[in-house]
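To keep things clear, I will list the structure first and then write my remarks on it.
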Amino acid sequence: GEDFQESLEYAIEQARERSLHLVPSFHPLLIAGVATYSLELFRAVPDLEVVYVPIGLGSGICGMIAARNALNLSTRIVGVVSSHAVAYARSFEAGKLLESPVSTQLADGMACRTPQPDALTIIRQGAERIVEVSDAQVASSMRTLFECTHNVCEGAGAAALAAAMSERTALQGRKVSVVASGGNIDRSLFASVLSENG
Numbered sequence: 001g002e003d004f005q006e007s008l009e010y011a012i013e014q015a016r017e018r019s020l021h022l023v024p025s026f027h028p029l030l031i032a033g034v035a036t037y038s039l040e041l042f043r044a045v046p047d048l049e050v051v052y053v054p055i056g057l058g059s060g061i062c063g064m065i066a067a068r069n070a071l072n073l074s075t076r077i078v079g080v081v082s083s084h085a086v087a088y089a090r091s092f093e094a095g096k097l098l099e100s101p102v103s104t105q106l107a108d109g110m111a112c113r114t115p116q117p118d119a120l121t122i123i124r125q126g127a128e129r130i131v132e133v134s135d136a137q138v139a140s141s142m143r144t145l146f147e148c149t150h151n152v153c154e155g156a157g158a159a160a161l162a163a164a165m166s167e168r169t170a171l172q173g174r175k176v177s178v179v180a181s182g183g184n185i186d187r188s189l190f191a192s193v194l195s196e197n198g
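Take the sequence shown: its letters are residues 1 to 198, numbered as in my numbering.
What follows is the structure, given as structure tokens:
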């Protein structure tokens, strides 16, 4: 599909037509599994003040919220979406589920048109806010991550760093973490991002 939603709708259709079992992309057991990296982070840095988490369908940030709450920490959790895929940000602000078109060319792991209702509820209860980042900011963070840490991050994976960098003045002197999730990027696209002068 052109975006996550289209792919999900196709998978649901195929499961129905062919009597296949559809493994849900948002499920309590999935969130528990995803939350393990959050537990590791919070145990390593229990006095962490802020963590930025990219939002695709929502399992990562929901796992982060669950881990923080389980450990009874006060860490502020900030969600991050592409400014070209704002469904979660608009829904968070409105207090209800809103669909939004997707046009991101780089952060396809965040290309969600329709928020998952249960995820939205958890995010609204546990996240401080949601920040939007542009494809240009994401590309810059992908380059920074590669140049400084030698890690390959897909667009969605670099979005949290892009958000933190956009708020770096306000974050000075604080203990901050960013979730750099996912390295699923086409080689030619990654080469193009690295060759940009941004």
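Ideal placement from N, C-alpha and C gives every residue a C-beta, glycine not left out.
Work out the CA separation of residue j and residue i for me, nearest whole Å.
{"i": "residue 167", "j": "residue 30", "result": "31 Å"}
{"i": "residue 164", "j": "residue 171", "result": "8 Å"}
{"i": "residue 54", "j": "residue 12", "result": "25 Å"}
{"i": "residue 35", "j": "residue 16", "result": "30 Å"}
{"i": "residue 111", "j": "residue 84", "result": "8 Å"}
{"i": "residue 158", "j": "residue 139", "result": "8 Å"}
{"i": "residue 98", "j": "residue 117", "result": "10 Å"}
{"i": "residue 136", "j": "residue 3", "result": "19 Å"}
{"i": "residue 187", "j": "residue 194", "result": "10 Å"}
{"i": "residue 191", "j": "residue 133", "result": "21 Å"}
{"i": "residue 65", "j": "residue 42", "result": "11 Å"}
{"i": "residue 189", "j": "residue 100", "result": "25 Å"}
{"i": "residue 24", "j": "residue 39", "result": "23 Å"}
Any idea which residues DSSP pairs residue i with across the strands?
{"i": "residue 79", "result": "53 and 130"}
{"i": "residue 178", "result": "52"}
Excluding the five sequence neighbours on either side, which residues of its own chain have a C-beta within less than 7 Å of the C-beta of residue i, listed in chain order?
{"i": "residue 47", "result": "175"}
{"i": "residue 153", "result": "142, 145, 180, 182 and 183"}
{"i": "residue 160", "result": "52, 53, 54, 80, 178, 179 and 180"}
Leaving aside the five residues before and after residue i along the sequence, list all residues of the same chain whose C-beta is less than 6 Å from its C-beta, in chain order.
{"i": "residue 151", "result": "145"}
Below 8 Å CB to CB, which residues in the same chain sit around residue i once its five sequence neighbours on both sides are set aside?
{"i": "residue 196", "result": "139 and 143"}
{"i": "residue 120", "result": "58, 88, 91, 92 and 97"}
{"i": "residue 129", "result": "78, 79 and 92"}
{"i": "residue 73", "result": "42, 46 and 48"}
With a cut-off of 8 Å, do at least 3 Cβ pairs link the stretch 89 to 98 to the stretch 123 to 134?
Contact between the stretch 89 to 98 and the stretch 123 to 134 is present, because at least three Cβ pairs lie under 8 Å.
Runs of alpha helix (DSSP H) wholly within the stretch 75 to 126 (minimum 4 residues, chain order):
Runs of the alpha helix (DSSP H) inside the stretch 75 to 126: 87 to 94 and 117 to 126.
Alpha helix (DSSP H) segments (min. 4 residues) lying fully within the stretch 139 to 171:
If we require 4 residues or more, the alpha helix (DSSP H) runs fully inside the stretch 139 to 171 come out as 155 to 166 and 168 to 171.
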